[in-house]
Amino acid sequence: MAEGFELPKRAMAIFAHPDDAEFGCSATVALFASLGVHVTYCLLTSGNKGTHDPKMAPDELERIREKEQRDAGRILGVREFVFLRHGDGELEVSMDMRADVCLAIRKNKPDLVFTQDPWRPYQIHPDHRVAGWSAMDGVIAARDHLFFTEQLHRGLKHHRVPRVLLFGTAEPNIWFDVGSTLDKKIAALKAHVSQIRNPGVLDRMQNAARTTGQAWGLEAAEGFRLLELG
Numbered sequence: 043m044a045e046g047f048e049l050p051k052r053a054m055a056i057f058a059h060p061d062d063a064e065f066g067c068s069a070t071v072a073l074f075a076s077l078g079v080h081v082t083y084c085l086l087t088s089g090n091k092g093t094h095d096p097k098m099a100p101d102e103l104e105r106i107r108e109k110e111q112r113d114a115g116r117i118l119g120v121r122e123f124v125f126l127r128h129g130d131g132e133l134e135v136s137m138d139m140r141a142d143v144c145l146a147i148r149k150n151k152p153d154l155v156f157t158q159d160p161w162r163p164y165q166i167h168p169d170h171r172v173a174g175w176s177a178m179d180g181v182i183a184a185r186d187h188l189f190f191t192e193q194l195h196r197g198l199k200h201h202r203v204p205r206v207l208l209f210g211t212a213e214p215n216i217w218f219d220v221g222s223t224l225d226k227k228i229a230a231l232k233a234h235v236s237q238i239r240n241p242g243v244l245d246r247m248q249n250a251a252r253t254t255g256q257a258w259g260l261e262a263a264e265g266f267r268l269l270e271l272g
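Under my numbering, read the sequence shown as residues 43 to 272, first letter to last.
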C-alpha cells in the first residue's frame with residue numbers, strides 16, 4: 043500500500059468498456075478487495091461493437107462481454123456490477139450521461155472512484171475520454187442535493203466522493219505495490235476471451251507493472267493520478 047494512503051471502505055471503478063479496468067487498474071482493485079474494500083464496477087457500455095467477427099450480432103456480443111466482465115471482476119474480488127448499456131463507440135459528454143453516473147454514485151456511495159484519465163495527452167479513443175469526463179462530472183453532481191433532484195427520493199441522498207484515482211494517466215503521483223495481486227490481473231484479463239487473442243498482450247502488461255515497480259524498489263506497481271476533492 044502507498045505510504046500514508048487510507049483505504050476506502052467502498053470504491054467504484056467507472057469506465058467505458060469491459061476489460062478497460064482490467065488493463066488499467068485491476069491489480070490495485072484486487073489489492074483493495076483483498077484488504078476488505080467493497081468494490082463496484084460501473085460500465086458505461088457493454089462493448090457491443092468490440093469484435094472483428096462479421097457474423098457477431100451486437101446484442102449477443104453485449105451478453106458475452108458482460109459475462110466476461112463479471113467473471114473477470116469476481117477473480118479480482120469485485121462485489122457488484124452496474125451496466126449502463128450505452129452504445130459502444132457512441133459515448134458523448136451529456137447531461138443524460140452525467141445523470142446516469144450521478145445516480146450510480148448516489149446508490150453505491152463510494153469513498154473513492156477509479157476512472158480513466160480524461161486529461162491524458164493523445165488519448166485517441168473517444169469513449170475513454172468521455173468515460174473519464176463523465177465520471178468526474180458525475181462525482182461533482184452526486185455531492186450536491188440540487189443536482190438531479192428527481193433522484194433524491196425513497197431514502198436516496200446526495201453523496202460526496204472525496205478521492206479519485208485516475209488510471210492510464212501520463213502524470214501519476216501515487217503508486218501501489220501490486221506484487222501480490224499481479225497474477226489476479228493477468229487471470230482477469232484472460233477472462234476476456236473474446237478480446238484477448240494475443241498472449242503477448244499479457245506479457246506486456248506484466249512487464250509494464252514490473253518496470254513501474256522497479257522504479258520504487260517493488261516487484262510490481264500500478265500508478266495513478268490521485269485527486270483529493272475534500
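Note that CB positions come from ideal geometry on N, CA and C, so glycine has one too.
By the criterion of at least three beta-carbon pairs nearer than 8 Å, the segment 236-254 is not in contact with the segment 187-200. With a threshold of 16 other beta carbon atoms within 10 Å, Thr82 meets it and is buried. Looking from the CA of Arg252, the closest CA among Ala69, Phe57, Ala44, Glu132 belongs to Ala69. Just so you know, the alpha carbons of Ala72 and Arg121 end up roughly 11 Å apart.
Look at Arg116 here: in three-state DSSP terms it is helix. Look at Met98 here: in three-state DSSP terms it is coil, with no helix or strand label. Only residues of its own chain outside the window of five on either side were considered, and among them Leu244 have a CB closer than 6 Å to the CB of Ile228, listed in chain order. In this structure, His170 is the residue among His170, Tyr164, Lys149, Arg205 with its C-alpha nearest to the C-alpha of Ala63. If you look at Glu261, you'll find it isn't in any alpha helix (DSSP H); DSSP assigns it neither H nor E.
Membership of Phe190 in any alpha helix (DSSP H) is not indicated, and neither H nor E is assigned to it by DSSP.
Note on geometry: alpha-carbon atoms of Asp95 and Phe189 lie some 42 Å from one another.
Around the beta carbon of Phe209, a 10 Å sphere encloses 16 or more other beta carbons of the protein chains shown; the residue is thus reported as buried. By the C-beta criterion, the segment 124-138 is judged to be in contact with the segment 161-181, since at least 3 inter-stretch pairs fall below 8 Å. Excluding residues up to 5 positions away in sequence, Pro204 lie with their Cβ nearer than 6 Å to the Cβ of Leu271 in the same chain.
Annotation: the continuous beta strand (DSSP E) that includes His128 extends over 122-128. Counting C-beta atoms within 10 angstroms of its own C-beta, Gln111 has 16 or more neighbours from the protein chains shown and is therefore classed as buried.
For Leu207, the closest of Glu45, Asp159, Asp101, Arg52 by C-alpha to C-alpha distance is Asp159. For Ala53, DSSP records a beta bridge to Val81, Leu154. Bounds of the alpha helix (DSSP H) holding Arg252 are 242-256.
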